[in-house]
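Only one structure is covered here, and it is reproduced in the block below.
Numbering (my numbering), first residue to last: 7 to 220.
Here it is as structure tokens:
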């Protein structure tokens, strides 16, 4: 159950341009996410200046319709935020850019949907370096079941990534304010706190956990 509410009362600071001023986020979102009510993308868009956060929605992304995305993917300062085995620490990747702004591509959706996007966009994403966040994290998106204990929402993943490369730890705290407000509001109206699939599996409740690769 999802109840409408004004979560932006707990916004990302008084000036959204305070957050993430140097990097650009290019988010590829599977079209089914448009119909998903519990998504953190609208919250993310409130935390990042509109000229720094571009959302691409679709099932496939041909150059004829997504010329800008193809242009971004062809540039050497572009990376995909994805925790594959060959992913490098995002801080190390940025250090190699010698001050050039990072263009970060994010695949939004469940792990299954992210894998589908990776498969559908394999030609587009081929050769683009994969980067990952570091550290031990737990999602505060507690009204949604995460695949593992350390899985986080799209909003949190981007905020953590940018807090690490901008070296401003407050980014993640500020970005989580509207997320916490959303969860608190839904819990007050009957939503339940969810454990991760990994946590449930330890209790004998089995779920399939999708491999994090494409």
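The beta carbon of each residue, even a glycine, is placed where N, CA and C say it ideally should be.
Would residue i and residue j qualify as a contact pair, given that the criterion is a beta-carbon distance under 9 angstroms?
i: residue 85; j: residue 110; result: yes
i: residue 96; j: residue 151; result: no
i: residue 200; j: residue 148; result: yes
i: residue 65; j: residue 126; result: yes
i: residue 107; j: residue 83; result: yes
Would you kindly report the start and end of the unbroken beta strand (DSSP E) that includes residue i?
i: residue 93; result: That residue, residue 93, is in no beta strand (DSSP E); it is neither H nor E in DSSP.
i: residue 61; result: 59-64
i: residue 138; result: 136-138
i: residue 85; result: 84-87
Ignore the nearest five residues each way along the sequence and tell me which others in residue i's own chain have a CB closer than 8 angstroms to its CB.
i: residue 6; result: With the chain covering 7 to 220 only, the question about residue 6 has no answer from this structure.
i: residue 143; result: 156, 158, 162, 166
i: residue 99; result: 85, 108, 135, 137
Could you pull out every residue in the same chain whose Cβ sits closer than 7 angstroms to the Cβ of residue i, ignoring the five residues on either side in sequence?
i: residue 72; result: 62
i: residue 120; result: 113
i: residue 46; result: 147, 159, 160, 161, 185
In chain order, what residues of the same chain have a beta carbon less than 6 angstroms from the beta carbon of residue i, not counting five sequence neighbours either side?
i: residue 33; result: 61, 112, 114
i: residue 166; result: 139, 178
i: residue 104; result: none
i: residue 182; result: 146
i: residue 211; result: none
i: residue 76; result: 69
Taking residue i and residue j to be in contact with their CB atoms under 8 angstroms, please state how far apart those CB atoms are, rounded to whole angstroms.
i: residue 161; j: residue 49; result: 5 angstroms
i: residue 184; j: residue 52; result: 7 angstroms
i: residue 209; j: residue 153; result: With 8 angstroms as the limit, residue 209 and residue 153 do not qualify as a contact, their Cβ atoms being about 15 angstroms apart.
From the beta carbon of residue i, is the nearest beta carbon of chain D less than 9 angstroms away?
i: residue 76; result: Protein chain content of the structure displayed is limited to a single chain, and chain D is not contained in it.
In terms of residue numbering, what span does the alpha helix (DSSP H) encompassing residue i cover?
i: residue 113; result: It is not in any alpha helix (DSSP H) - residue 113 instead sits in the beta strand (DSSP E) that spans 109-114.
i: residue 180; result: 176-194
i: residue 198; result: Here residue 198 belongs to no alpha helix (DSSP H), and DSSP marks it neither H nor E.
i: residue 117; result: 117-126
i: residue 164; result: 160-172
i: residue 75; result: 73-79
i: residue 50; result: 47-53
How should residue i be labelled, buried or exposed, when 16 other C-beta atoms within 10 angstroms of its C-beta is the threshold for buried?
i: residue 197; result: buried
i: residue 54; result: buried
i: residue 192; result: buried
i: residue 101; result: exposed
i: residue 70; result: exposed
i: residue 80; result: exposed
i: residue 180; result: buried
i: residue 171; result: buried
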